[in-house]
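S.K.:
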Amino acid sequence: AQSVTQLGSHVSVSEGALVLLRCNYSSSVPPYLFWYVQYPNQGLQLLLKYTSAATLVKGINGFEAEFKKSETSFHLTKPSAHMSDAAEYFCAVSVSGNTGKLIFGQGTTLQVKP
Amino acid sequence: GAVVSQHPSRVICKSGTSVKIECRSLDFQATTMFWYRQFPKQSLMLMATSNEGSKATYEQGVEKDKFLINHASLTLSTLTVTSAHPEDSSFYICSARAGGPETQYFGPGTRLLVL
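Note that the protein sequences, when read in sequence, are chains A and B. Adding 416 to a residue's 1-based position in the first sequence gives its number in the numbering used here. Adding 32 to a residue's 1-based position in the second sequence gives its number in the numbering used here.
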């Protein structure tokens with residue numbers, strides 16, 4: 417069975433600082449992995465996805481993530497935080513069998529300080 | 033492209049009434065739609081998988097008779113919360129899938145408040 421663990425429910429960085437949001441997964445088969453962002457009272461927006469192609473995935477808004485099989489990780493990074501990056505971030509893994517079902521992590525709230 | 037809408041965006045109802053939430057894929061046909069529930073400060077929990085023209089598949093612990101799902105066309109799925117109670121108050125989010133698992137698009141969500 418697949419699962420996702422996001423380390424740190426709350427991350428605070430200064431504007432311009434590096435953003436690092438951690439995600440570890442568990443999967444018995446090669447996973448599809450996703451990072452989504454959610455702004456208050458809104459749905460989810462896809463930041464990036466890993467679907468067994470390049471291990472370094474670039475997404476929107478300057479975010480990227482690296483799939484590391486040996487560490488079962490898919491951490492999200494951004495070199496320089498903007499105030500507009502403050503939001504809730506969810507890591508998700510696609511359930512095997514091509515059902516399309518997603519298992520979400522607990523979420524990480526990113527706070528950006530001026 | 034790849035826009036999913038939900039209607040209404042916010043609804044307040046009295047306890048015991050039923051509420052219908054619509055999820056539409058505006059510019060693509062969705063073979064599968066998913067319904068999630070999100071409590072404040074929590075993650076999304078999958079409630080059910082809706083396939084066009086067939087019965088929905090519910091996750092364990094989700095009451096089928098309380099959360100009625102109808103996927104009448106490739107662009108529309110509805111979730112009806114029957115005999116709503118205050119504990120049903122939540123943020124309901126749908127997503128629509130077109131093709132592989134990586135092509136899943138989320139709606140903006142519906143905030144339900146049951147008084």
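For every residue, glycine included, the Cβ atom is placed at its ideal position computed from N, Cα and C.
(1) Any chance the segment 140 to 147 of chain B sits against the segment 72 to 82 of chain B, with 3 or more Cβ pairs inside 8 Å?
(2) Look at the Cβ atom of His117 (chain B), then the Cβ atom of Val94 (chain B), and state whether they are nearer than 8 Å.
(3) Can the beta-carbon of Lys529 (chain A) be found closer than 8 Å to that of Ser430 (chain A)?
(4) With 8 Å set as the bound, which would you pick, yes or no: does the beta-carbon of Gly93 (chain B) sit closer than that to a beta-carbon of chain A?
(5) Please look up how many angstroms separate the CB atoms of Ser510 (chain A) and Pro447 (chain A), rounded, as I've assumed it's under 8 Å.
(6) Using a Cβ-Cβ cut-off of 8 Å, state whether Lys474 (chain A) counts as contacting chain B.
(7) Is there a Cβ of chain A sitting closer than 8 Å to that of Pro118 (chain B), yes or no?
(8) When DSSP builds the beta bridges, which residues end up paired with Leu436 (chain A)?
(9) Can you give me the C-alpha to C-alpha distance between Leu423 (chain A) and Phe490 (chain A), rounded to a whole angstrom?
(10) According to DSSP, simplified to helix, strand and coil, what is Ser57 (chain B)?
(11) Assuming Ser50 (chain B) and Val113 (chain B) form a contact by the criterion Cβ under 8 Å, report the distance between their Cβ atoms to the nearest whole angstrom.
(12) So, are the CB atoms of Val435 (chain A) and Ala497 (chain A) less than 8 Å apart?
(13) Grab the span of the beta strand (DSSP E) containing Asn477 (chain A) for me, first residue to last.
(14) Between Tyr68 (chain B) and Cys126 (chain B), what straight-line distance do the alpha-carbon atoms span, to the nearest angstrom?
(15) Given this structure, state the Cα-to-Cα distance separating Glu480 (chain A) from Leu464 (chain A), to the nearest angstrom.
(16) May I ask you to list, following chain order, the residues of the segment 69 to 94 of chain B that have a beta carbon less than 7 Å from some beta carbon of chain A?
(17) Less than 8 Å between CB atoms is the rule here; does Arg129 (chain B) satisfy it with respect to chain A?
(18) Taking the alpha carbon of Leu486 (chain A) as the reference point, which residue from A:Ser500, A:Thr471 and A:Thr493 has its own alpha carbon closest?
(19) Leaving out five residues before and five after Ser115 (chain B) in sequence, what residues of the same chain have Cβ atoms less than 8 Å from its Cβ?
(20) Quick one: which residues of the segment 449 to 481 of chain A get their C-beta closer than 8 Å to a C-beta of chain B? List them in chain order.
(21) Look at the alpha carbon of Phe520 (chain A) and the alpha carbon of Phe66 (chain B), and state the distance between them as a whole number of angstroms.
(22) In terms of residue numbering, what span does the beta strand (DSSP E) encompassing Ala417 (chain A) cover?
(23) Report the neighbours of Pro140 (chain B) on chain A: residues whose CB is nearer than 7 Å to its CB, in chain order.
M.R.: From the atom records:
(1) no
(2) no
(3) yes
(4) no
(5) 7 Å
(6) At a cut-off of 8 Å, the C-beta of Lys474 (chain A) has no neighbouring C-beta in chain B.
(7) no
(8) A:Thr493
(9) Approximately 11 Å, taken between the alpha carbons.
(10) strand
(11) 6 Å
(12) yes
(13) From DSSP, Asn477 (chain A) is part of no beta strand (DSSP E); its letter is neither H nor E.
(14) 6 Å
(15) 7 Å
(16) Ser75, Leu76, Leu78 and Thr81
(17) yes
(18) One detail in the question is off: residue 486 (chain A) reads as Ser in this sequence, not Leu. Considering only alpha carbons, the answer is A:Thr471.
(19) Counting only residues of its own chain and dropping the five nearest sequence neighbours on each side, Ser115 (chain B) has a CB closer than 8 Å to the CB of Gly48, Thr49, Ser50 and Lys98.
(20) Phe450, Tyr452, Asn457, Gln458, Gly459, Leu460, Gln461, Leu462, Lys465 and Thr467
(21) Their backbone Cα atoms lie some 13 Å apart in a straight line.
(22) That residue, Ala417 (chain A), is in no beta strand (DSSP E); it is neither H nor E in DSSP.
(23) Gln458 and Gly459
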